[in-house]
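Taking our numbering, the leading residue of the sequence shown gets 138, the next gets one more, and so forth. C-beta atoms are modelled at their ideal positions from N, C-alpha and C, and glycine is treated no differently. These numbers come from a predicted model, not from an experiment. Take a look at the structure set out below.
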Amino acid sequence: MAAKAPGITSGFVGAVGNTPLIRLNALSEATGCEILGKAEFMNPGGSVKDRAALGILQEAEEQGLLKPGGTVVEGTAGNTGIGLTHLCNARGYKALIVIPETQSAEKIGLLRSLGAEVRTVPAVPYRDPNNYVRLSGRIAEETPGAVWANQFDNLANRRAHFNTTGPEIWEQTGGQVDAWVAATGTGGTYAGVALYLKEQNPKVRCVLADPYGSALYSWAISGQLASDGSSITEGIGNSRVTANLEGAPIDDAVRIHDQAALTTIYHLLWQEGLFLGGSVGINVAAAVKTARRLGPGHTIVTVLCDSGDRYRSRLYDGQWLSSKGLEQPVRAA
Ligand code: PMP
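Laid out in structure tokens, this is it:
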């Protein structure tokens, strides 16, 4: 049902997207650039993945694949599952979520609280048939009335960003955007926005940000999928080029250490009052690196994917960080 007045949105679905574009003041002043963060943690399900979840569900409905009472199955690092479960509740479907047991207790607990059937599985590489993504595909095949969201290779994911996130950024900046910087998990956010912005202005520089342990930095720079090191960030990095990332424009790539990402999110908390997740640390640190490469006077847009609330027991816990060989940043007196 449509809302009756223009200021009213209709249900959960109506509240997805149209997020603020926040100027990160301290970093903008430090670099002489405009460093802008798309506030995706303000989506009603709390992350950038609400947009992909909605796009995937809407296309499945349009294609007649989902019937009332049907089940949506997905393998997810958490946020897509959270978005999908909210949407399933709102639209009368069941959600069955397969998640690696390495993901934060906050995300796994939240999925259960929302009412998803949650299966935690050991984290194994994609080539293993029991990898969470591949397992979720098999479960969907074996479950009557189920659809597999398949966020990594279902192009409805990047279409959602091409149709919403990209145009919002273009409008919010009045078309004054020099660079787009984002890490990729499925690649939906990065690719959808990059494709849209390039269509408006081919000069927009598209920069792929990557954590250590992911093969995409090497792939973007040299064409070879190769990785070294590891990362505590969740939801980003990949060992393969997904259908969503395939064909996306990439002008440059930046790799960020976890310690630098941590320093970045703590500074965002202390200097901007923004409490954000680990992938944001990679994104914003990469945006700053891009600002330094381009020099003052440029506008750089990135994504603030989710809230620090989802990682309180990890990224904001000194003991957990030291168990991973990382130092909790200390606030100056
Ligand atoms: N950050 C977080 C916290 C995420 O959960 C995800 C999604 N896996 C991403 C970034 C990356 O988004 P995308 O899947 O669109 O590449």
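Cβ neighbours of residue 169 in the same chain (closer than 6 Å, five flanking residues each side left out): So the list reads 433, once near-sequence residues are dropped.
Validate contact between the stretch 240-250 and the stretch 313-324 using beta carbons, cut 8 Å, 3 pairs: Of all C-beta pairs linking the stretch 240-250 to the stretch 313-324, fewer than three are shorter than 8 Å, placing the two stretches out of contact.
First through last residue of the alpha helix (DSSP H) which encompasses residue 395: Note, residue 395: alpha helix (DSSP H), 395-404.
Helix, strand or coil at residue 208 according to DSSP, with G and I counted as helix: Here residue 208 sits in strand by DSSP.
Coil, strand or helix - residue 256 by DSSP: Under the three-state reduction of DSSP output, residue 256 falls in the strand class.
Coarse secondary structure for residue 340, derived from DSSP in three states: In the structure shown, residue 340 sits in coil (DSSP, three-state: anything other than H, G, I, E or B).
Contact belief for residue 333 with residue 311 at Cβ below 8 Å, rounded distance in angstroms: Rounded to the nearest angstrom, the Cβ distance from residue 333 to residue 311 is 15 Å, too far for a contact under 8 Å.
Buried/exposed call for residue 269, threshold 16 Cβ in 10 Å: Burial is judged here by how many other beta carbons sit within 10 angstroms of a residue's own beta carbon; residue 269 has at least 16 and is buried.
Inter-residue CB distance, residue 189 and residue 217 (contact presumed, cutoff 8 Å): Going by Cβ atoms, the distance from residue 189 to residue 217 rounds to 6 Å, so yes, they are a contact pair.
Cα-Cα separation, residue 267 to residue 234: Cα to Cα, the separation comes out at about 14 Å.
Option nearest residue 308 by Cα separation, candidates 143, 158, 362: Checking every option, the nearest Cα to that of residue 308 belongs to 158.
Three-way DSSP call (helix, strand, coil) for residue 196 in this model: If DSSP states are grouped into helix, strand and coil, residue 196 belongs with the helices.
C-alpha distance - residue 457 paired with residue 350, whole-angstrom precision: The straight-line gap separating the alpha-carbon atoms of residue 457 and residue 350 is approximately 19 Å.
Residue burial classification, residue 339 (beta-carbon count within 10 angstroms, cutoff 16): Around the beta-carbon of residue 339, fewer than 16 other beta-carbon atoms lie within 10 Å, marking it exposed.
Whole-angstrom distance between residue 436 and residue 163, CA atom to CA atom: So the alpha carbons of these two residues sit roughly 14 Å apart.
Rounded C-alpha distance that separates residue 347 from residue 384: Taken atom to atom, the span from the alpha-carbon of residue 347 to that of residue 384 is near 17 Å.
Sub-9 Å separation of residue 376 and residue 262 beta-carbons: For residue 376 and residue 262, yes; Cβs fall inside 9 Å.
Boundaries of the alpha helix (DSSP H) in which residue 425 is found, first to last residue: Counting along the chain, residue 425 sits inside the alpha helix (DSSP H) bounded by residues 415-431.
Endpoints, the beta strand (DSSP E) within which residue 436 is located: In the DSSP assignment, residue 436 falls within the unbroken beta strand (DSSP E) covering 436-440.
Near the ligand PMP: residue 208 beta-carbon under 8 Å from a heavy atom: Residue 208: no, Cβ never under 8 Å from the ligand PMP.
Beta-carbon gap between residue 357 and residue 390 smaller than 9 Å: Contact flag set, yes.
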